[in-house]
Amino acid sequence: MFNPTRVFLLLTIYCRTVYVFDLFAPTGCKNADLTVTLKNPSNSPIKGQCKNSNQGRKYHSFTNIPYAEPPLRERRFQPPEPVQPWKKTFDATKTNKVCLQDPILQGAGYIYGTEDCLVLNVYTPRISNDSSKLLPVLFWIHGGAYQLGSGVQMSGFGFFDHHDPGFFMDEEIVVVTINYRLGALGFLTTEDDTIPANLGLRDQNLALKWVIDNIEVFGGDPKDIVITGESSGASSTCFQLLSNGKEMESVTGAIMISGTCLSPWAMNMDARTKAFDLGKRLGLDSSNNSSRSLLEKLQSVPAKNLMRRAGLHYQIDKTDDGSIRMEYSPVLAKDTFPKEPMGDAISQGRFHKVPLLFGVNSEECLLPMFVGFVPQIKRKAKMWDEEPSKMIQVNVNVDDRLKAAEDMKPLYTNKSFSDDIAAVVKFSTDDFFVLPAAKHAESASKNGVPVYMYQLAYHYIPHFVPGVEGLAHTEDLLFYWDTTITKANNLLIPHHKLISERMVKILSNFVKYKKPIIRKEKLFEDLEWPEFDGKDLQFMSINTHLTLESDPRNYSVKRTVLERHLKGPILVF
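Read in order, the letters of the sequence shown are residues -20 to -1, 1 to 553 in mature numbering (1 follows the signal peptide of the UniProt record, and there is no 0).
Set out below in structure tokens:
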């Protein structure tokens, strides 16, 4: 049962610990300022600062670097434009901007951030003019349901957000984190040329091109970039691999954590209708159904007012089961990616073929329990009992939603969902995260791509759901991003430091070598990590001990049941 007092005490202890660590955190290193000159925009100087890694190594930080012109006024709801050159040295030592968003744990109507937010951050342990010593690049796309987060935030939930790459700076890689437009500003579309589709994905792609043009001056290799993301950042990573642009020639690998574009939440439906619905909520007369008229009116509304009527609080309040409805997320498009159903494209090999690493947490959908949404989960259980067909997401193309649900339910419980809340969590975790990731991994492997998969199963926070223990969605971020709370966890929680060291090494190994483990070593209990192929479906279970297992969460049985009902085209799984 959810216990708000227990959560409050836990957060209080954590916050006090964070305060203590902040008092003694490293403040940087000598010769703090460093200026480099960008290649594109040409001859544009920027000044960074020196910081200390987790192990005390000096590295250089460049934050808030604009990669696109500000998407303001007539540029709102339009594709991003490359930033123009500047002459005066740009101060890249300031705190990162955050794109406008509706933080879910703040009060309804609280909007923070700025519309002028298309910036990125570069962190490098080495500045070198020697092209023979260039480092591989981790290109990070943050998660947050396409609605939340930023290049310096792990999530949009309002606590323990800020992070830096201090762990990765001890691993001889360059790290780039980016902002992209969120919510309606990034993903609203009239599904025509007036308000083009997938502006947030286009932002990400332009940032990638900026990195290819400029990363060499930071000591990074423009021909060795690994796109990496978590949650909607992982699905965005998947979408980028479907873009087939020339920039993909520089992408040598991809890591997708807690998401893929095959996840049922990854895509939007009826986007044009939702665009005009927003116009109505803002009091705009769009009765003539004119895209041009809607665009002009939406461009005239103050950005915060627009986001206030398009934010997550609205989306949560308007769903019958209390879950989050993704009103603004990617769509299939004619003039940009993705152009075809993702399930078909991936199964038939129409994607950029590079080594892939997939990661899932053992109980992703425990997250709502932790932040206090147990009543919504109970409403979902009641709804599934009364209308079983709603178990199957509307984006999953099946012949009979009710029969598919009736076939899937016995794999999780022989009770009502209201009497087995744990089954709701387990089915939701599989439905949203595990099955799509395993399907993507299996399809990619069958197309000749080296694929690896892990499940992070370490459990250290109580989640108040009898019968379910595991790591919830986003909790893994605290193992590999260097936050004050991570330092506290490593000190106070048994085994946390070990899991953190393993996760940092797994991710950095993949960036450098395109394999999560390159040799037998004590950190990994002298285990080897085989590829996830269509036969054995082997994956690594990461806990206090490592275990090589097969068939994640009985995927093959659940896949077979679901595939009996699938019909083309296959958009998501």
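Cβ atoms here follow ideal geometry from the backbone N, Cα and C, with glycine treated the same way.
Sequence-distant residues of its chain with Cβ nearer than 7 Å to residue i (five each side left out)
i           : result
residue 546 : 377 and 378
residue 412 : 243, 244, 245, 344 and 345
residue 385 : 368, 369, 371 and 372
residue 23  : 17 and 65
residue 520 : 434, 509, 526 and 528
residue 1   : With a pLDDT of 45 at residue 1, under the threshold of 50, the modelled position of that residue is not reliable, and no figure is offered here.
residue 203 : 230
residue 513 : 425
residue 289 : 258, 261 and 262
residue 273 : 266
residue 530 : 516, 517 and 518
residue 194 : 18, 19 and 20
Secondary structure of residue i, DSSP reduced to three states
i           : result
residue 493 : helix
residue 341 : strand
residue 44  : strand
residue 64  : coil
residue 515 : coil
residue 23  : coil
residue 103 : strand
residue 412 : helix
residue 287 : helix
residue 529 : strand
residue 404 : helix
residue 74  : coil
residue 441 : coil
residue 520 : strand
residue 49  : coil
residue 542 : helix
residue 397 : helix
residue 129 : coil
residue 433 : strand
residue 504 : helix
residue 487 : helix
residue 537 : helix
residue 428 : coil
residue 213 : helix
residue 38  : strand
residue 31  : strand
Integer Cβ distance of residue i from residue j, believed to fall under 8 Å
i           : j           : result
residue 36  : residue 115 : With 8 Å as the limit, residue 36 and residue 115 do not qualify as a contact, their Cβ atoms being about 19 Å apart.
residue 451 : residue 342 : 5 Å
residue 417 : residue 340 : 5 Å
residue 148 : residue 156 : Their Cβ separation, rounded to whole angstroms, is 11 Å, which puts residue 148 and residue 156 out of contact at 8 Å.
residue 158 : residue 177 : So it is not a contact: roughly 19 Å between Cβ atoms.
residue 163 : residue 287 : 6 Å
residue 14  : residue 27  : 7 Å
residue 336 : residue 421 : 7 Å
residue 357 : residue 311 : Actually they are not in contact, since the Cβ atoms of residue 357 and residue 311 sit about 28 Å apart, beyond 8 Å.
residue 523 : residue 437 : 5 Å
residue 560 : residue 326 : Limits of the chain in this structure are -20 at one end and 553 at the other, which puts residue 560 out of reach.
residue 394 : residue 551 : Actually they are not in contact, since the Cβ atoms of residue 394 and residue 551 sit about 31 Å apart, beyond 8 Å.
residue 387 : residue 491 : No, residue 387 and residue 491 are not in contact; Cβ-Cβ is about 40 Å, not under 8 Å.
residue 185 : residue 213 : Between residue 213 and residue 185 the Cβ distance is about 14 Å, and since that is not below 8 Å, they are no contact.
residue 556 : residue 47  : Coverage of the chain is limited to positions -20 through 553, which leaves residue 556 absent and any answer about it impossible.
Chain-order list of residues whose beta-carbon lies under 6 Å from that of residue i (same chain, five-residue window excluded)
i           : result
residue 373 : 244
residue 284 : 91
residue 136 : Summary for residue 136: the model assigns pLDDT 45, below 50, so the residue's position carries little reliability; its value from the coordinates is reported in the next sentence. Excluding positions up to five away in sequence, the list reads 81, 83, 124, 128 and 129.
residue 102 : 42, 156 and 198
residue 473 : 440
residue 171 : 251 and 252
residue 146 : 33, 34 and 462
residue 549 : 321 and 324
residue 220 : 207
residue 62  : none
Neighbourhood of residue i by C-beta distance below 8 Å, restricted to the same chain and skipping five residues each side
i           : result
residue 555 : A query on residue 555 cannot be resolved here, the shown segment of the chain reaching from -20 to 553 and no further.
residue 166 : 79, 126, 160, 179, 180, 183 and 308
residue 275 : 57, 170, 174 and 175
residue 481 : 503
Chain D contact for residue i (CB, 8 Å cutoff)
i           : result
residue 186 : Here there is only one protein chain, and chain D is not present.
Report task. List in chain order: all unbroken alpha helix (DSSP H) runs of 4+ residues lying wholly within the stretch 443 to 480. Result -> 457 to 460 and 464 to 472
Report task. Tell me the start and end of each unbroken beta strand (DSSP E) in the stretch 308 to 394 that is at least 3 residues and wholly inside, in chain order. Result -> 336 to 341
Report task. Would you mind listing the beta strand (DSSP E) stretches within the stretch 216 to 284 that are 3+ residues and don't spill past its ends, in chain order? Result -> 231 to 237
Requested in this report: Please determine if the stretch 223 to 241 and the stretch 486 to 502 are in contact, where contact requires at least 3 C-beta pairs separated by less than 8 Å.
Outcome: yes
Query raised in the report: For the stretch 134 to 208, which segments carrying the alpha helix (DSSP H) assignment without a break, of at least 4 residues, lie completely within its bounds, in sequence order?
Result: 163 to 167 and 179 to 194
Query raised in the report: Is the number of C-beta pairs between the stretch 393 to 412 and the stretch 421 to 440 that are closer than 8 Å three or more?
Result: no
Report task. Flag this pair as touching only if the stretch 57 to 76 and the stretch 258 to 270 have three or more C-beta atom pairs under 8 Å; answer yes or no. Result -> no
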